[in-house]
Amino acid sequence: MSFTLHGIGVSGGIAIGRAHLVSHATLEVSHYLVPPYQVPEESARFDAAVRQVRAEFTELRTEIPAGSPAEFSAFVNLHLMILDDATLSVEPRRIIETEQCNAEWALKVQTDALLAQFDAIEDTYLRERRNDVIQVVERVLRALSGQPGYTPPPATDSEQELILVAHDLSPADVVQFKRHQFASFITDAGGTTSHTAVVARSLNIPSIVALHRARDLIRENELVIVDGTNGVLIADPDERVLAEYQRRKREFESGRRKLLELRDTRAVTRDGVTVELHANIELPDDVEQVLANGATGIGLFRSEFLFLNRSDLPDEDEQFEAYRKVALAMNGLPVTIRTYDLGADKQTDDAQPTALNPALGLRAIRLCLTEPHRFLIQLRALLRASHYGKISILIPMLASSSEIDQTLHLIARAKEGLDDDGIAYDRGVRIGSMIEVPAAALALDVFLRKLDFISIGTNDLIQYTLAIDRTDDAVAYLYDPLHPAILGLLSSVIKRANKAGVPVALCGEMAGDASLTRLLLALGLRNFSMHSAHVLDVKERILGADASALKPFASKMLRASAPDRLHTLLRKLNEVC
Ligand code: PEP
Ligand code: MG
Numbered sequence: 147m148s149f150t151l152h153g154i155g156v157s158g159g160i161a162i163g164r165a166h167l168v169s170h171a172t173l174e175v176s177h178y179l180v181p182p183y184q185v186p187e188e189s190a191r192f193d194a195a196v197r198q199v200r201a202e203f204t205e206l207r208t209e210i211p212a213g214s215p216a217e218f219s220a221f222v223n224l225h226l227m228i229l230d231d232a233t234l235s236v237e238p239r240r241i242i243e244t245e246q247c248n249a250e251w252a253l254k255v256q257t258d259a260l261l262a263q264f265d266a267i268e269d270t271y272l273r274e275r276r277n278d279v280i281q282v283v284e285r286v287l288r289a290l291s292g293q294p295g296y297t298p299p300p301a302t303d304s305e306q307e308l309i310l311v312a313h314d315l316s317p318a319d320v321v322q323f324k325r326h327q328f329a330s331f332i333t334d335a336g337g338t339t340s341h342t343a344v345v346a347r348s349l350n351i352p353s354i355v356a357l358h359r360a361r362d363l364i365r366e367n368e369l370v371i372v373d374g375t376n377g378v379l380i381a382d383p384d385e386r387v388l389a390e391y392q393r394r395k396r397e398f399e400s401g402r403r404k405l406l407e408l409r410d411t412r413a414v415t416r417d418g419v420t421v422e423l424h425a426n427i428e429l430p431d432d433v434e435q436v437l438a439n440g441a442t443g444i445g446l447f448r449s450e451f452l453f454l455n456r457s458d459l460p461d462e463d464e465q466f467e468a469y470r471k472v473a474l475a476m477n478g479l480p481v482t483i484r485t486y487d488l489g490a491d492k493q494t495d496d497a498q499p500t501a502l503n504p505a506l507g508l509r510a511i512r513l514c515l516t517e518p519h520r521f522l523i524q525l526r527a528l529l530r531a532s533h534y535g536k537i538s539i540l541i542p543m544l545a546s547s548s549e550i551d552q553t554l555h556l557i558a559r560a561k562e563g564l565d566d567d568g569i570a571y572d573r574g575v576r577i578g579s580m581i582e583v584p585a586a587a588l589a590l591d592v593f594l595r596k597l598d599f600i601s602i603g604t605n606d607l608i609q610y611t612l613a614i615d616r617t618d619d620a621v622a623y624l625y626d627p628l629h630p631a632i633l634g635l636l637s638s639v640i641k642r643a644n645k646a647g648v649p650v651a652l653c654g655e656m657a658g659d660a661s662l663t664r665l666l667l668a669l670g671l672r673n674f675s676m677h678s679a680h681v682l683d684v685k686e687r688i689l690g691a692d693a694s695a696l697k698p699f700a701s702k703m704l705r706a707s708a709p710d711r712l713h714t715l716l717r718k719l720n721e722v723c
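Its first residue numbered 147, the sequence shown is counted upward by one per residue in the working numbering.
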């Protein structure tokens with residue numbers, strides 16, 4: 147049966163493919179007692195579910211299309227092994243018998259015990275097998291609930307046609323997708339600027355978050371249309387709808403090809419205002435996309451992604467190589483590397499249990515200042531790499547003068563250390579601050595006095611100013627870049643920085659939203675940094691704009707407060723200029 151779901155489109159374009167449900171089970175099952183005379187029946191029900199899953203795996207193994215990555219069959223074999231291990235296939239029967247409980251509960255009790263053991267394992271490879279156990283258990287639970295088993299994908303299916311359907315994905319999960327070529331992914335949770343969504347954009351595949359019940363409603367292998375531009379998902383479409391979306395997909399792709407013709411055109415408005423369009427990256431390999439889309443620099447390298455999905459931390463040399471690689475690949479173009487912004491929703495594997503309110507906790511520079519030893523390793527690596535290109539260092543989450551002083555002090559210490567070791571670095575390396583805490587935006591003068599540049603992080607600035615957790619889809623509807631408080635802050639920060647002659651960039655998701663390009667231009671912004679995929683859209687808006695004619699509209703917007711009026715003014719601003 148066809149149905150449609152609405153969420154938040156985080157990455158444009160249309161994907162049409164087969165659903166693949168990603169397991170991130172909460173393993174919530176009901177618990178009830180079974181009368182003694184029914185215990186043998188309950189045990190038999192459990193055995194039947196295990197048999198069914200074993201048959202599914204065996205069938206799946208024979209159905210793997212030729213040419214699929216070797217991991218596919220390795221995974222199926224691994225899952226078979228996990229299933230056949232007595233801890234999962236035999237022990238729950240004992241629990242059913244001794245505790246006289248239902249099979250689901252017995253399996254859950256046994257799984258919880260098993261997962262606790264996994265958590266204690268030192269070996270990373272084995273510890274990571276935890277998720278495999280969960281996936282296998284989920285499958286048995288599904289069989290117990292009488293849901294249809296796995297339907298193997300048709301032999302023509304390849305990874306490029308798979309739509310990943312998950313309840314939630316961490317930024318680390320999404321980064322792992324960079325090694326694959328899925329058509330799209332969709333999640334029940336998340337907001338427009340959650341880090342998951344941010345990373346999704348960098349994959350350049352249509353994706354939707356905040357779909358709420360997609361993972362419950364969509365079946366494995368079901369045909370799904372994902373319209374990432376409008377945040378619409380259509381499951382099991384009829385032929386007419388399918389044909390329409392195939393047409394729209396072709397149209398979107400031909401539009402993108404046309405935009406590529408602008409790659410080497412300089413971003414200059416009709417009245418001669420030059421704008422720098424830089425790109426945001428997460429990993430060194432992203433540079434390829436940066437250059438392919440004609441960005442003239444990297445405005446934000448989120449270096450913390452080098453620290454995710456691993457049990458050890460990258461040492462100085464490894465970090466140095468990563469930063470140098472980017473600097474060299476950019477061949478003299480500016481590269482702004484942000485020191486690691488860990489904490490909140492980006493945790494290393496060795497992170498301590500999170501605080502009650504992680505977005506307001508020990509995150510980014512706060513974390514760095516509490517562990518100067520680890521921070522100094524990164525600072526040395528960054529400074530060493532600065533010898534090989536035009537690197538600037540950007541500090542996240544600074545909020546006060548004393549944090550700026552402590553940070554500058556540590557940078558000076560890192561420089562002294564390199565001097566002592568006779569290692570070269572760029573002595574003029576520029577140090578800047580993200581402006582993403584309202585306190586920094588309001589008390590900007592000290593930032594303008596003590597630092598070489600600033601970069602506005604609207605994702606966090608909006609989160610903290612409007613008090614909406616960017617990872618919580620329940621409040622995602624409150625995310626509003628046009629909120630008068632946000633427009634007021636942006637206008638004031640840009641104006642004050644321009645007046646002080648301190649370079650100001652904007653690197654939050656707002657920079658890549660082409661509907662806001664001309665508004666930001668009108669507010670005086672001349673340096674935008676966004677995911678590569680948006681550079682050409684934004685450039686097109688700039689090429690057609692008249693910067694001086696935009697100003698009166700922006701002034702009106704700054705005086706307006708009603709959302710309807712603000713949207714009308716924005717529409718006019720985009721139509722007229
Ligand atoms: C921001 O907060 O706007 C930003 C660019 O940083 P991040 O999204 O990584 O928090
Ligand atoms: Mg931020």
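All C-beta atoms in this analysis are idealised placements derived from N, C-alpha and C, irrespective of residue type, glycine included.
What you are looking at is a predicted structure, and each value in this text was computed from that prediction instead of being measured.
My output table needs one value for residue i: the three-state DSSP class, helix, strand or coil.
| i | result |
| --- | --- |
| Val236 | coil |
| Ala161 | strand |
| Ala381 | strand |
| Arg448 | strand |
| Phe331 | strand |
| Asn644 | helix |
| Thr415 | coil |
| Thr482 | strand |
| Arg347 | helix |
| Arg576 | strand |
| Gly489 | strand |
| Ser189 | helix |
| Leu315 | coil |
| Ala651 | strand |
| Val433 | helix |
| Ile228 | helix |
| Val283 | helix |
Taking the C-alpha atoms as reference points, what is the distance between residue i and residue j?
| i | j | result |
| --- | --- | --- |
| Cys653 | Arg197 | 53 Å |
| Thr302 | Val370 | At Thr302 the pLDDT is 38, less than 50, meaning the model places this residue with poor confidence; the figure from the coordinates comes in the next sentence. Those two C-alpha atoms are separated by around 16 Å. |
| Arg412 | Ala660 | 17 Å |
| Ser638 | Val648 | 14 Å |
| Ile332 | Ala356 | 8 Å |
| His555 | Ile154 | 42 Å |
| Ala622 | Thr339 | 9 Å |
| Ala252 | Glu467 | 50 Å |
| Glu517 | Phe453 | 15 Å |
| Ala360 | Leu682 | 32 Å |
| His358 | Leu226 | 31 Å |
| Ile569 | Leu525 | 13 Å |
| Thr415 | Leu689 | 5 Å |
| Gln281 | Glu562 | 51 Å |
| Arg705 | Lys254 | 58 Å |
| Arg409 | Glu434 | 13 Å |
| Val722 | Pro698 | 12 Å |
| Leu506 | Asp606 | 11 Å |
| Ala381 | Arg396 | 20 Å |
| Glu450 | Arg386 | 45 Å |
For the alpha helix (DSSP H) containing residue i, name the first residue and the last one.
| i | result |
| --- | --- |
| Phe264 | Ala249 to Ala266 |
| Asp742 | Any question about residue 742 goes unanswered here, given that the chain covers just 147 to 723. |
| Phe699 | Ala693 to Arg705 |
| Ser547 | Ser547 to Asp567 |
| Ile608 | Thr604 to Leu612 |
| Val168 | Segment: none, Val168 is in no alpha helix (DSSP H) and carries neither H nor E. |
Buried or exposed: which applies to residue i, given that a residue is buried once 16 or more other Cβ atoms fall within 10 Å of its Cβ?
| i | result |
| --- | --- |
| Ser176 | exposed |
| Gly418 | exposed |
| Gln256 | buried |
| Pro627 | buried |
| His519 | exposed |
| Ile241 | buried |
| Thr204 | exposed |
| Ala708 | exposed |
| Phe149 | exposed |
Going by DSSP, what residue range makes up the beta strand (DSSP E) through residue i?
| i | result |
| --- | --- |
| Leu423 | Glu422 to Ile427 |
| Leu529 | Note, Leu529: premise wrong, no beta strand (DSSP E); alpha helix (DSSP H) at Pro518 to Ala531. |
| His152 | Phe149 to His152 |
| Val372 | Leu369 to Asp373 |
May I ask you to check if the CB of residue i is nearer than 8 Å to at least one heavy atom of the ligand PLP?
| i | result |
| --- | --- |
| Gly489 | With respect to small molecules bound, the structure shown includes the ligand PEP and the ligand MG and not the ligand PLP. |
Ignoring anything shorter than 4 residues or poking outside the segment 653 to 687, list the alpha helix (DSSP H) runs there in chain order. 663 to 668
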